[in-house]
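Novice: Here it is, the structure, as structure tokens.
Residue numbers (the numbering used here): 51 to 134.
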């Protein structure tokens, strides 16, 4: 009986270890995906900022001000360009 119980416990531990490895792999991939998404969002924001600066330099008669925040970029009279 004791050997059977020990074998059963070892099987459960093996099953738990395999599940933990699967979860670790999935959560590791989720963390990588989140980092990539953050980098893409930052690159998109940089691209929009460059486009705004280029427009401001190209048309000196139209002075625009802009500020960035986590909600997007506010241009001039509070028209908003959303950055996803």
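The beta carbon of each residue, even a glycine, is placed where N, CA and C say it ideally should be. Quantities reported herein were computed from a predicted structural model and do not represent experimental measurements.
1) Cα separation between residue 68 and residue 52?
2) Suppose you measure from the CA of residue 66 to the CA of residue 91; what does that come to, to the nearest Å?
3) Please report how far the alpha carbon of residue 85 lies from the alpha carbon of residue 99, in whole angstroms.
Specialist: Short version:
1) 24 angstroms
2) 37 angstroms
3) 21 angstroms
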